[in-house]
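Residue numbers (numbering that gives the first Met the number 0), protein chains in the order written: chain A, 0 to 286; chain B, 0 to 133. Presented below is the structure to which this report refers.
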Amino acid sequence: MASMRDIKRRRSSIQGTQQITKAMKLVSTVKLQRARANAERSKDYFTSMYDTVNSILKRVGHIEHRYLVSGASRKKAVIVITSNRGLAGGYNSNVIKLVTRNPQWEKEDLVIYSVGNKGREAFVRYGYEVKDGYNEVVESPAYGDALALSEELLQAFAAGEVGEIYLAYTAFKNTVSHVPTLLRLLPIERTEGNEEDAGKASAIMNFEPEDEEALNLIIPKYVTSLIYGALMEAVASENGARMQAMDNATSNAEEMIQDLALKYNRARQGSITQELTEIIAGAEALG
Amino acid sequence: MADKKSLLLRIITPDRIFYEGQAEMVEFNTTEGEIGVLPGHIPLTVILKPGILRIHEAEAEKEAALHAGFAEILPDSVKILAEIVEWPEEIDEDRAEAAKDRAQERLRNKASETDVARAETALQRAVARIEVLR
Chain A
0 MASMRDIKRR RSSIQGTQQI TKAMKLVSTV KLQRARANAE RSKDYFTSMY DTVNSILKRV
60 GHIEHRYLVS GASRKKAVIV ITSNRGLAGG YNSNVIKLVT RNPQWEKEDL VIYSVGNKGR
120 EAFVRYGYEV KDGYNEVVES PAYGDALALS EELLQAFAAG EVGEIYLAYT AFKNTVSHVP
180 TLLRLLPIER TEGNEEDAGK ASAIMNFEPE DEEALNLIIP KYVTSLIYGA LMEAVASENG
240 ARMQAMDNAT SNAEEMIQDL ALKYNRARQG SITQELTEII AGAEALG
Chain B
0 MADKKSLLLR IITPDRIFYE GQAEMVEFNT TEGEIGVLPG HIPLTVILKP GILRIHEAEA
60 EKEAALHAGF AEILPDSVKI LAEIVEWPEE IDEDRAEAAK DRAQERLRNK ASETDVARAE
120 TALQRAVARI EVLR
């Protein structure tokens, strides 16, 4: 049996760790609340933008447009949103797995635009082509950050460097449920059955300027808003995941402390019994 | 639809719902020029340019500086998805004046082509901000 002093030392070290995890949990709870409020406020813009673009696409019918067909290049750009810091449970690895374990994708075809240092480290380690420079964005995402990122991607798309653009992030459903999500940004997916719907919504949408030019201007805004919405949700998810991980760590520490307290008391009892036996034996020998 | 006197106006930005309510007329600046939208307008999607947004409500008239985004106009509603839009009290006049001077300076010195386009937009924004304040 370990000595009393060893057990005591172990227990106080675990208590120290528990205090840290407890504090981290509190911090991420506060951050989560703020991030969640932000995500909810941006959600209106996000969903209106999505609805509007969809209804516009339905009304214009099947027009040929460069944002609606895949580019010639086989390369795919993937924006991967992870965190800069760890200790968030499976948050980062789940998003990374979404990309590395995708059966339809070849490693050589992908260009990773990494937002978040953890993702960058992992993809560099696996040998992917990684472009970065957006790591500080996840600390507090602003619309301007999303704009800069989408401009860079659309330039690459327009120049034919990449044929498709994807977005991998963690969607925030609620405090305990975060879903890793993969979304295709460009070319825009058109849901089937459009023509029937278009017939029903017989109102014909006019554009000023003309269709093609209008889509040229609207689709970049659409892409930007999707990236912005994803950033907001990812930040909320990150803090939610960290809060859960730290909560688990705290309760695990609690369990260990209880176990060690039991062992310590047993060892103490053992040493008292031993001392008594020795005293009695000594007394008997004298007598 | 046509006899309705007001339309539902929603102005949404990435951070908040800027405005939601009934309006009799909405005026703003687009890539094709300034337009005023009355109820019963044909369906139209327009791209915004920096300018003044005027909301004519039944009793009052509100103004704001609207810089970028697009608007979806339907006979009974107008939805503006704006990247930047500000009420007059949110505008910092000194900053807008400084931005205006800076943009004008850049336009005088004419560098590469993209710089000119950017400076022009910046100038339009600054002018819109200053005008809203007056």
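Where a beta carbon is used, it is the ideal one built from N, C-alpha and C, also for glycine.
Asked, Found
"Buried or exposed, going by whether 16 or more other CB atoms sit within 10 Å of the CB of D144/A?", "buried"
"Can you check whether the C-beta of I217/A is within less than 7 Å of a C-beta belonging to chain B?", "yes"
"Determine the DSSP secondary structure at A158/A, reduced to helix, strand or coil.", "coil"
"Hey, out of N247/A, L214/A and F122/A, whose CA is closest to E63/A's CA?", "L214/A"
"Can the beta-carbon of N37/A be found less than 7 Å from the beta-carbon of M231/A?", "yes"
"Kindly list, in the order they appear in chain B, the residues whose Cβ is closer than 8 Å to that of I55/A.", "T44 and E71"
"Say whether chain B places a C-beta atom closer than 7 Å to the C-beta of R119/A.", "no"
"Measure the alpha-carbon distance for P142/A versus I226/A and round it to whole angstroms.", "The sequence shown places Tyr at residue 142/A, rather than the Pro named in the question. The straight-line gap from Cα to Cα measures roughly 9 Å."
"Which residue marks the beginning of the beta strand (DSSP E) containing Q21/B, and which one marks its end?", "I16 to A22"
"S201/A CB to nearest chain B CB: under 7 Å?", "Legend: pLDDT at S201/A = 44, less than 50; position of this residue unreliable, value from coordinates given subsequently. S201/A does not count as touching chain B."
"Hey, which unbroken runs of the alpha helix (DSSP H) at 4 residues or more fall wholly within the region 74 to 115 of chain B?", "92 to 108"
"Could you please give me the residues that DSSP links to L181/A through a beta bridge?", "A167/A"
"State yes or no: is the beta carbon of F156/A nearer than 7 Å to at least one beta carbon in chain B?", "no"
"Of all the CB atoms in chain A, is at least one closer than 7 Å to the CB of E23/B?", "no"
"Tell me where the alpha helix (DSSP H) around A71/A begins and ends.", "Looking at the DSSP string, A71/A is not in any alpha helix (DSSP H), and its letter there is neither H nor E."
"What do you get for Y125/A, buried or exposed, if any count of 16 or more other CB atoms within 10 angstroms of its CB means buried?", "exposed"
"So, using beta-carbon positions, are A78/A and L166/A closer together than 7 Å?", "Strictly speaking, residue 78/A in this sequence is Ile, with Ala absent from that position. Yes, Cβ-Cβ distance for I78/A and L166/A is below 7 Å."
"Rounded C-beta distance between G132/A and T81/A? I'm assuming under 8 Å.", "No, G132/A and T81/A are not in contact; Cβ-Cβ is about 15 Å, not under 8 Å."
"Along the region 21 to 50 of chain A, what residues have a CB closer than 7 Å to any CB found in chain B?", "R40, S41, D43, Y44, S47 and M48"
"Which residue or residues does DSSP assign as beta-bridge partners of F206/A?", "T44/B"
"DSSP on N28/B, reduced to helix/strand/coil?", "strand"
"For V84/B versus L6/B, is the C-beta spacing smaller than 7 Å?", "no"
"Report yes or no: do the region 276 to 283 of chain A and the region 23 to 32 of chain B share at least 3 C-beta pairs separated by less than 8 Å?", "no"
"Just confirm the distance between the C-beta atoms of S119/A and V129/A, as a whole number of angstroms; I'd bet it's less than 8 Å.", "Note that residue 119/A is Arg in the sequence shown, not Ser. Yes, they are in contact, since the Cβ atoms of R119/A and V129/A sit about 6 Å apart, within 8 Å."
"Using CA coordinates, which residue listed in Y66/A, G269/A and N53/A is at the minimum distance from F156/A?", "Y66/A"
"With distances taken Cα to Cα, identify the nearest neighbour of L148/A among G269/A, D50/A and V136/A.", "V136/A"
"Go to Y90/A, then tell me how far its alpha helix (DSSP H) extends in each direction, as first and last residue.", "Y90 to T99"
"Spatial neighbours of I13/A within its chain, please: CB distance less than 6 Å, with the 5 preceding and 5 following residues excluded, ordered by chain position.", "A252, M255 and I256"
"Taking 7 Å as the CB-CB limit, is G198/A close to chain B?", "With a pLDDT of only 43 at G198/A, under 50, the local geometry of the prediction cannot be trusted, and the value read off the model is given with reservation. Closer than 7 Å: no."
"Using three-state DSSP, classify V114/A as helix, strand or coil.", "strand"
"Can you find a C-beta in chain A that's less than 7 Å from the C-beta of P13/B?", "yes"
"With a threshold of 6 Å on Cβ separation, who are the neighbours of T46/A within its own chain once the five nearest residues in sequence on each side are excluded?", "none"
"Of the residues that make up the region 48 to 68 of chain B, which ones have a beta carbon closer than 9 Å to any beta carbon in chain A?", "A67 and G68"
"Beta-carbon separation of D291/A and I11/B under 7 Å?", "Outside the shown range of chain A (0 to 286) lies residue 291/A, about which nothing can therefore be said."
"Spatial neighbours of D91/B within its chain, please: C-beta separation below 7 Å, excluding the five flanking residues on both sides.", "none"
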